[in-house]
Amino acid sequence: MKIITIDDSPPALDVLTEAIREACPDAEVFSFDDPYKLLDFAKETPCDIALLDIRMPGMNGLEAAVALKKIKPSTNIIFVTAYSQYAIEAMKLYPSGYVMKPAAKKAIEREIENLRHPVERKSDKRVRVQTFGNFEVFVDGKPLVFIRTRAKELFAYLIDRRGAAATAAEIAAALWEHKKYNKSLKSQTQAAISEMMKALKENGIDDIIIKSWNQISIDCEKISCDYYDLLNCDTRAVNAFCGEYMVNYGWAEMTTAALSRKTNIY
Numbered sequence: 239m240k241i242i243t244i245d246d247s248p249p250a251l252d253v254l255t256e257a258i259r260e261a262c263p264d265a266e267v268f269s270f271d272d273p274y275k276l277l278d279f280a281k282e283t284p285c286d287i288a289l290l291d292i293r294m295p296g297m298n299g300l301e302a303a304v305a306l307k308k309i310k311p312s313t314n315i316i317f318v319t320a321y322s323q324y325a326i327e328a329m330k331l332y333p334s335g336y337v338m339k340p341a342a343k344k345a346i347e348r349e350i351e352n353l354r355h356p357v358e359r360k361s362d363k364r365v366r367v368q369t370f371g372n373f374e375v376f377v378d379g380k381p382l383v384f385i386r387t388r389a390k391e392l393f394a395y396l397i398d399r400r401g402a403a404a405t406a407a408e409i410a411a412a413l414w415e416h417k418k419y420n421k422s423l424k425s426q427t428q429a430a431i432s433e434m435m436k437a438l439k440e441n442g443i444d445d446i447i448i449k450s451w452n453q454i455s456i457d458c459e460k461i462s463c464d465y466y467d468l469l470n471c472d473t474r475a476v477n478a479f480c481g482e483y484m485v486n487y488g489w490a491e492m493t494t495a496a497l498s499r500k501t502n503i504y
């Protein structure tokens, strides 16, 4: 996560920068006392969050915010000021937050935990699973391609089960809801499992699947997943959920309802 900040007062800038580093020890923080230098930097290095002093000579923080939004519309703008009268004007720019001086660690933490545009966290896990909206899988940042749609749906089903093992019959009941489980359907289910494993193996991530006698499950510890983050009460995941979960699949409706209740979306 990259954060830029500006204040024309060196002492205030030092206080703000230190508070940001305490609140976000893993973030890259870049401090400026000149708005034009800040904008030049932002053009070369788009940042996720900008904490801007409002009252500055030359270009004020409100003008800097407009310019930053043109460079990267998803930039989270957090205004920092000692003058509360600027709040109404600042809110017209739809900022992510507002912090009063002197900037404190807790105030900055609160605003960053509730960003208008959630920032994706870096993870040491190769596999990232997106369940909010359409279901997608990424390996090392690139989309994972499943040749057969049933193979992708099977992987989604295992994600939904959160590590609980599923038998071939259970998989068939979910993926082929209205079909009788017979020899033909069992063969189709095994084919989906084989195609799924092939796609995972080709990308060197087949170790995320746990197989035992007539059962198969996902190793949740080896993936990054928005669904799991929400269940762990991760603020960014909670804010990112807008009532849609694996909309590709009808069997996911029960989980969608449960997540909606958990996040009070009706």
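Read in order, the letters of the sequence shown are residues 239 to 504 in the working numbering.
The beta-carbon is built from N, C-alpha and C at its ideal position, and this holds for glycine as well.
As the structure is a computational prediction, the values presented were derived from the model and not from experiment.
message = Just to confirm the assignment, what range does the alpha helix (DSSP H) spanning Arg-499 have?
response = 491–500
query = Between the C-alpha atoms of Asp-272 and Leu-469, what's the straight-line distance to the nearest angstrom?
reply = 42 Å
query = Residues in its own chain within less than 7 Å of Leu-254 by CB, not counting five upstream and five downstream?
reply = Thr-243, Asp-245, Leu-289, Val-318 and Ala-341
task = Look at the alpha carbon of Ala-496 and the alpha carbon of Ser-269, and state the distance between them as a whole number of angstroms.
result = 43 Å
key: At least 3 beta-carbon pairs within less than 8 Å: the region 382–400 vs the region 426–445   = yes
message = Ignoring anything shorter than 4 residues, give me the alpha helix (DSSP H) runs that lie fully in the region 307–391, in order along the chain.
response = 325–329 and 343–350
request  = Under 8 Å by Cβ, that's how I've got Asn-352 and Asn-477 pegged, so tell me the actual separation to the nearest angstrom.
outcome  = 7 Å
ask   = Below 7 Å between beta carbons: does that hold for Ala-280 and Leu-306?
value = yes
Sequence-distant residues of the same chain with beta carbon closer than 6 Å to Phe-384, five excluded per side = Lys-390 and Ala-437
request  = Grab me the residues of Ile-309's own chain with a C-beta within less than 8 Å of its C-beta, minus the 5 sequence neighbours each way, in chain order.
outcome  = Leu-277, Ala-280, Lys-281 and Pro-284
key: Bridge partners - Cys-463, DSSP secondary structure assignment   = Val-367
request  = Look up Ile-448 in the DSSP assignment and say whether it is helix, strand or coil.
outcome  = strand
task = Consider the Cβ of Ala-261: report whether some Cβ of chain C lies at a distance smaller than 7 Å.
result = Absence of chain C from the displayed structure is noted, only one protein chain being present.
ask   = Who are the Cβ neighbours of Asn-382 in its own chain at under 7 Å, not counting the five residues just before and after it?
value = Sequence inspection shows Leu at residue 382; the Asn mentioned does not correspond to that position. Once the five neighbours on either side are set aside, the close Cβ partners of Leu-382 are Val-375, Phe-376, Ala-437 and Asn-441.
Residues that Val-267 bridges to, as DSSP identifies them = Ile-241
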